[in-house]
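Structure record follows, encoded as structure tokens.
There are 2 protein chains.
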Amino acid sequence: MSKSTTRVVSALKRAGGFASAQEVHQLMVRQGDRIGLTTIYRALQNLLDENVVDLLRRDGGEAIYRLCGEEHHHHLRCKRCGKTVEISDRAIEKWAREVAGEYGFRDVGHTAEFFGTCSEC
Amino acid sequence: MSKSTTRVVSALKRAGGFASAQEVHQLMVRQGDRIGLTTIYRALQNLLDENVVDLLRRDGGEAIYRLCGEEHHHHLRCKRCGKTVEISDRAIEKWAREVAGEYGFRDVGHTAEFFGTCSEC
DNA sequence: ATTGTTGCAAACCATTTGCATACGT
DNA sequence: ACGTATGCAAATGGTTTGCAACAAT
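Chains A and B supply the protein sequences, listed in that same order.
So for the first sequence, the working numbering puts the first residue at 1; every next one is plus one.
So for the second sequence, the working numbering puts the first residue at 1001; every next one is plus one.
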């Protein structure tokens, strides 16, 4: 694993959940880590090949990555003011496993986003 | 619903399962239906807005569409072979409302995708 | 010296948009 | 005549690739 690939892993750790290649890049550059976008894409490709990260897609089709086995949370965002809170995903995780099991699926993961109107709006 | 939108629906019926915009276009043109790719994209966008079609993504990120029922549901997709089943969303809907309520949110909606490994893979 | 790593710029490809033409009422 | 629908060509945006400079063994 090359040096920059290691740096990408640690950036993903810092990001905490899902992040796109471009977001990883911004995060690293903002923290003074000089690296090219191309290198990030190549590092993420390697990490995929080695099953170190999972690849998912956002609604627009953009690829997002996260370290395998990492716990994650979801966001509940207000459509009006943009206020966002993190919510635990224990319940949905359990539910997903149950439902998936009914269809014979294993190793079940998910992406989810919640949005509504907050109390102040 | 415009005339070309109707033609796109019938092409999707003919396609039978999932098809990308480009595939729908080829299918129509091959069968003598003169239509531009742009119009297909616009028709599919309308059909999405009216919940007539489902949008999913192939591994490369390419959008694929299929006709669907009107009920709100989610997809459980195999990471290896791409097999996809629709799952009811009653449970997650209820759960989302409960959790959101704890934070004072109203009118809660969500997006969710589930993925895993199916029994044959 | 050889091999692998990096990053800029250009290429790629699915999708979207600007705009001028053609259609429906 | 008016608003809408259409499609070509150009723009967009995420991702990949060609290539030359660079580092490591």
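From the three backbone atoms N, C-alpha and C, an ideal C-beta is built for every residue, glycine too.
Taking the alpha carbon of residue i as the point to measure from, which residue in the options has its own alpha carbon closest?
i              : options                           : result
residue 1097/B : 107/A, 115/A and 106/A            : 115/A
residue 1004/B : 1034/B, 1014/B, 1015/B and 1108/B : 1034/B
residue 1031/B : 1015/B, 1086/B, 1100/B and 1102/B : 1015/B
residue 1045/B : 1001/B, 1111/B, 1104/B and 1092/B : 1001/B
residue 976/B  : 117/A, 103/A and 104/A            : Chain B is shown from 1001 up to 1121; residue 976/B falls before or after that span and cannot be answered.
residue 1049/B : 1038/B, 1057/B, 1068/B and 1095/B : 1068/B
residue 1107/B : 1094/B, 1119/B and 1113/B         : 1094/B
residue 1198/B : 101/A, 13/A and 119/A             : Only positions 1001 to 1121 of chain B appear in the structure, and residue 1198/B is not among them; the question remains open.
What residues in its chain sit with their C-beta under 7 Å from that of residue i, if we drop five residues either side in the sequence?
i              : result
residue 1062/B : 1020
residue 11/A   : 24, 27 and 28
residue 43/A   : 4, 5 and 8
residue 109/A  : 54
residue 1070/B : Summary for residue 1070/B: the model assigns pLDDT 48, below 50, so the residue's position carries little reliability; its value from the coordinates is reported in the next sentence. Cβ neighbours of residue 1070/B beyond the five flanking positions: 1051.
residue 40/A   : 8, 21, 24 and 25
Taking only beta-carbon atoms, is residue i less than 8 Å away from chain B?
i             : result
residue 104/A : yes
residue 73/A  : no
residue 44/A  : no
Among residues of its own chain, excluding the 5 on either side of residue i, which ones have a beta-carbon nearer than 6 Å to its beta-carbon?
i              : result
residue 1084/B : 1075 and 1077
residue 1009/B : none
residue 1047/B : 1053
residue 18/A   : 64 and 66
residue 56/A   : 64 and 111
Residue i by DSSP, collapsed to three states: which one?
i              : result
residue 60/A   : coil
residue 1183/B : Within the shown structure, residues of chain B are numbered from 1001 to 1121, placing residue 1183/B beyond reach of any answer.
residue 25/A   : helix
residue 97/A   : helix
residue 52/A   : coil
residue 1030/B : helix
residue 1020/B : strand
residue 92/A   : helix
residue 40/A   : helix
residue 1106/B : strand
residue 1080/B : coil
Could you confirm whether any beta carbon from chain A is found closer than 8 Å to the beta carbon of residue i?
i              : result
residue 1119/B : yes
residue 1018/B : no
residue 1087/B : yes
residue 1108/B : yes
residue 1092/B : yes
residue 1057/B : yes
residue 1070/B : Low confidence applies here, because residue 1070/B scores a pLDDT of 48, under 50, leaving its location unreliable and the question unanswered by this model.
Which residues in the same chain as residue i place their Cβ atom closer than 8 Å to its Cβ, once the five residues preceding and following it in sequence are excluded?
i              : result
residue 1059/B : 1082
residue 1111/B : none
residue 1013/B : 1067
residue 87/A   : 73, 74, 75, 76 and 114
residue 92/A   : 74, 110 and 112
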